[in-house]
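This report refers to the structure that appears directly beneath it.
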Amino acid sequence: MALAHWRSLSMSPSQLSLAHVLKSGQSFRWTLTRLAPPEKVSQDIDLATEEYSLCLSDRLVVLRQTATQLYYQAIFPASSASAAFTTDPKLDRTTIEWIKKYFQLDVDLVQLESDWAARDQVYSKGKQVGTLLPGVRVLNQDPWECLFGFICSSNNNIARITSMVQSAAHHFSPPLLTYQPPPSSQVTGGAIAAAASDMTVSANPKAYHPFPPPSSFTDASTVPTLLSLGFGYRSKFIHQTARLLVESHSDPQKYLESLRALPTDKAREALLEFTGVGPKVADCVLLMSLGKKEVVPLDVHVVGFAERLYGLRTGGKGKGMTKSVYGITQSKLREVWGDWAGWTQAVLFASDLPFLMSSIANPTTRPIKPVKIKVLPKIESSESSIITSFSVEAKGELTLEGVLASERINKRETVERIGQGESKPSSLELEAESMGDRIKRRRRGEL
DNA sequence: AGTCGACCTGAATTC
DNA sequence: CACAACAGGTCGACC
1 MALAHWRSLS MSPSQLSLAH VLKSGQSFRW TLTRLAPPEK VSQDIDLATE
51 EYSLCLSDRL VVLRQTATQL YYQAIFPASS ASAAFTTDPK LDRTTIEWIK
101 KYFQLDVDLV QLESDWAARD QVYSKGKQVG TLLPGVRVLN QDPWECLFGF
151 ICSSNNNIAR ITSMVQSAAH HFSPPLLTYQ PPPSSQVTGG AIAAAASDMT
201 VSANPKAYHP FPPPSSFTDA STVPTLLSLG FGYRSKFIHQ TARLLVESHS
251 DPQKYLESLR ALPTDKAREA LLEFTGVGPK VADCVLLMSL GKKEVVPLDV
301 HVVGFAERLY GLRTGGKGKG MTKSVYGITQ SKLREVWGDW AGWTQAVLFA
351 SDLPFLMSSI ANPTTRPIKP VKIKVLPKIE SSESSIITSF SVEAKGELTL
401 EGVLASERIN KRETVERIGQ GESKPSSLEL EAESMGDRIK RRRRGEL
């Protein structure tokens, strides 16, 4: 295969960590290739251990990351005017522009984290003891793809959602190109597979398909096909949503994009019109594809935080969460976390995913001393990220909750601050909860 | 308005 | 090693 045309962007893993963000269950379509260790490390990019790729409508975006750089390249279909690997500066420009928008690189994540630490005791403690994953930011995805993915997420796990979304692209969209991934380290099952349980681990030449538009899911064969692909009861949700979208709007994707300009409440109402879209899914789409940074999608997991870490009592015990409980909990978390609450939630959520936690002990870049490099033409070298501190402390398998429990955070104080006189949990209940957590956690595997 | 069971499926965890 | 229960909810039918 031809030599790759890498470009790079100066980027600290504390601002963006591909390994953390792309596996955290925001997007379900990235392909991960674990790279075989190079025979000799001659330049910075050799230090990267993984490659990530995503097929857009006209190109494949390929990324690698080291301790200081984000490497990228775009691969186009061989039939295109510019051949398989383009050097057309104009096209390179559009790729970097896409990357900036997709990862929202104009947002200073480190600054946000410092703001959160200043206003939230729980967050600050987690950061202090090193249980929070660095570089977790909210993606700005394509709204339709995002909507599709989170309709699939209902009552489902990240691994299966990923396989569903990928198979949808494979079966409903023609391949754009074939790409031979670089030499991949052997996947021996256990550790590696577990570490990447949510993503495709590929070793062979692979066909890449763009994500199919809504119109691809409107005809009658859609539901049976989706059923056969393992979509289960979500098959008809997808079909109905696609139909409504196509029948009511001349340009469905443009319509979804237009929701960005609406106030959050109006945009949410619009999303709730679709079948299979409830409060949770609507909020995910608002946050992760329509720029509503303050929205905190509430799932059982986050409600768990709210209860155990912040002492918010939702009242709704067990399964279902009522609409009012949803709203109350959401607005309280927003009070605690501030205008970028959705981003805060993303960090906490990712930091509590078991298969990601291990990466705190296993940094994404090889622990080799930085080499002197004079590499590739570096466009955009004056990016925002000047922060270079990437402290990786091996904290074993501690979770945020586990540490907080054992550190005996003064929960009551937190509760009072955020409770603001509405629902006040008894300190007895809180004590019982945290104790229960402690025991549960211990049972679960720290021994 | 608020509550409750059904819903597809398979990979991970538990017994 | 086989078996429920579970997984980043939502729908539709009932009080």
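For the first sequence, full-length UniProt numbering gives the first residue as 1, with consecutive numbering after it. Glycine included, every Cβ here is placed at the ideal spot set by N, Cα and C. Quick caveat: nothing in here was measured; it's all calculated off a predicted structure.
Return the bridge partner residues of residue i from the DSSP annotation.
i    : result
T94  : T94 pairs with nothing; no bridge assigned.
R34  : E50
Y72  : R7 and L63
A350 : Per DSSP, none; premise fails for A350.
A207 : T178
C284 : Paired residues: none, contrary to the question.
S153 : According to DSSP, S153 bridges with nothing at all.
S184 : L35
C55  : L60
Below 7 Å CB to CB, which residues in the same chain sit around residue i once its five sequence neighbours on both sides are set aside?
i    : result
E167 : As written in the sequence, residue 167 is Ser, which differs from the Glu given in the question. Closer than 7 Å at the Cβ level, and outside the excluded window around S167, lie L229.
S235 : V223, L226 and L227
H249 : Y255
L18  : Y52, L63 and Q65
P38  : D46
N140 : K101, Y102, Q104, S289 and G291
P182 : T33, L35 and E51
D120 : V336 and W337
Hey, residue i and residue j: beta-carbon distance below 9 Å or not?
i    : j    : result
G144 : Y72  : For the record, residue 144 in the displayed sequence is Trp; it is not Gly. Their beta carbons are not under 9 Å apart, which means W144 does not touch Y72 by this criterion.
T66  : L35  : no
L70  : L22  : no
E113 : V347 : yes
F211 : F148 : yes
N58  : S289 : Residue 58 is actually Asp in this sequence, not Asn. For D58 and S289, no; Cβs fall outside 9 Å.
G327 : E294 : no
H20  : L133 : yes
L56  : W116 : no
C284 : F103 : no
V110 : S14  : yes
L353 : G25  : yes
L259 : A270 : yes
F237 : S154 : yes
Y123 : T344 : yes
F355 : I161 : no
S12  : G135 : yes
A152 : F231 : It should be pointed out that residue 152 corresponds to Cys in this sequence rather than to Ala. Cβ distance < 9 Å, so C152 and F231 count as in contact.
How should residue i be labelled, buried or exposed, when 16 other C-beta atoms within 10 angstroms of its C-beta is the threshold for buried?
i    : result
W42  : It is Ser, not Trp, that sits at residue 42 in the sequence shown. Looking at its Cβ environment, which holds fewer than 16 other Cβ atoms inside 10 Å, S42 is exposed.
D88  : exposed
L312 : buried
Q180 : exposed
Q128 : exposed
D339 : exposed
D219 : exposed
L105 : buried
Y233 : exposed
R93  : exposed
A169 : buried
D265 : exposed
S221 : exposed
A350 : buried
K332 : buried
L176 : buried
V165 : buried
A78  : exposed
What does a CB cutoff of less than 6 Å around residue i pick up in its chain, not counting 5 residues either side in sequence?
i    : result
P252 : P214, L245 and V246
W30  : L22, Y52 and L54
L262 : none
Q330 : V296 and L298
T95  : A74
Spatial neighbours of residue i within its chain, please: CB distance less than 8 Å, with the 5 preceding and 5 following residues excluded, ordered by chain position.
i    : result
T178 : P205, K206, A207 and Y208
S173 : H209, P210, F211, P212 and S216
A267 : L259, R260, L286, L290 and K292
Under the criterion of a Cβ to heavy atom distance below 8 Å, does residue i qualify as lining the ligand SAH?
i   : result
L54 : Looking at this structure, you won't find the ligand SAH or any other ligand, since it has none at all.
*Of all the alpha helix (DSSP H) runs that stay within the bounds of the segment 103 to 137, which reach a length of 4 or more residues?*
For the segment 103 to 137, whole alpha helix (DSSP H) runs of length 4 or above, ordered along the chain, are 109 to 119 and 121 to 129.
*What residue ranges within the segment 223 to 252 form continuous alpha helix (DSSP H) runs of no fewer than 4 residues, ordered along the chain?*
Listed in chain order, they are 234 to 248.
*Hey, which unbroken runs of the alpha helix (DSSP H) at 4 residues or more fall wholly within the segment 305 to 344?*
Qualifying alpha helix (DSSP H) stretches, in chain order: 323 to 337.
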